[in-house]
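S.K.: Quick note: to get the working numbering, add 40 to the position in the sequence shown (first position is 1).
Just passing along the structure, written as structure tokens.
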Amino acid sequence: MYAVIETGGKQYRVAPGESIEIETLTGDVGAAVEFDRVIAVMDGDAVKAGSSISAARVKGTITAHGRGEKTLVFKFKRKKQYKRTIGHRQNFTRVQVNEIVA
41 MYAVIETGGK
51 QYRVAPGESI
61 EIETLTGDVG
71 AAVEFDRVIA
81 VMDGDAVKAG
91 SSISAARVKG
101 TITAHGRGEK
111 TLVFKFKRKK
121 QYKRTIGHRQ
131 NFTRVQVNEI
141 VA
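Have a look at this one:
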């Protein structure tokens, strides 16, 4: 059984027992979190989507907060002596998925 949830403007495929890295959530490590924006639930060959899963929830626990790896952005214009290097590290929250309530 797995579900597709939406959080932070992105969609994630989750299953019970998995750990996912999502956009930063408020809450301390060990706090319970519940995702109510469930797009689809797949149980074997049965697919539930739309209004039939309006009451579906995904429950999990926050396990860590952190920052991702550095992404370098390099800007360059030839013949103009223009070079800029900028780095970026995105914040994330790691969530352990406990159960899918359909």
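Built from N, CA and C at the ideal position, the CB exists for glycine as well.
In chain order, what residues of the same chain lie with their CB nearer than 6 Å to the CB of residue 128, ignoring the 5 residues before and after it?
M.R.: For the purposes of this step, residue 128 is identified with residue 88 of the sequence shown, where counting begins at 1. The answer, listed in chain order, is 111.
S.K.: Quick check: residue 104 and residue 69, are their CB atoms within less than 8 Å of each other?
M.R.: Against the sequence shown, residue 104 aligns to sequence position 64. Against the sequence shown, residue 69 aligns to sequence position 29. Closer than 8 Å, so yes.
S.K.: So what does residue 65 bridge to, in DSSP terms?
M.R.: The count along the sequence shown starts at 1 and reaches residue 65 at position 25. Per DSSP, none; premise fails for residue 65.
S.K.: Among 64, 58, 57, 56, whose alpha-carbon lies nearest the alpha-carbon of residue 49?
M.R.: Reading the sequence shown from its first residue, position 9 is the one you call residue 49. Of the listed residues, the one whose Cα sits closest to residue 49 is 64.
S.K.: Per DSSP, what are the beta-bridge partners of residue 93 in this structure?
M.R.: Looking up residue 93 in the sequence shown gives position 53. According to DSSP, which records beta bridges pairwise, residue 93 is partnered with nothing at all.
S.K.: For residue 87, which residues from the same chain have a beta carbon less than 8 Å from its beta carbon, with the 5 sequence-adjacent residues on both sides left out?
M.R.: As a position in the sequence shown, residue 87 is number 47, starting the count at 1. The answer, listed in chain order, is 80, 81.
S.K.: When the distance is taken between beta carbons, is residue 137 closer than 8 Å to residue 58?
M.R.: To locate residue 58, count along the sequence shown from 1; it is residue 18. To locate residue 137, count along the sequence shown from 1; it is residue 97. A contact, by the Cβ cut-off of 8 Å.
S.K.: For residue 139, which residues of its own chain have a beta-carbon under 8 Å away from its beta-carbon, when the five flanking residues on both sides are left out?
M.R.: Taking the first residue of the sequence shown as 1, we reach residue 139 at position 99. Contacts found: 56, 98, 99.
S.K.: Would you mind reading off the limits of the beta strand (DSSP E) that contains residue 49?
M.R.: For the purposes of this step, residue 49 is taken as residue 9 along the sequence shown, with counting starting at 1. Element bounds for residue 49: n/a, residue is neither H nor E.
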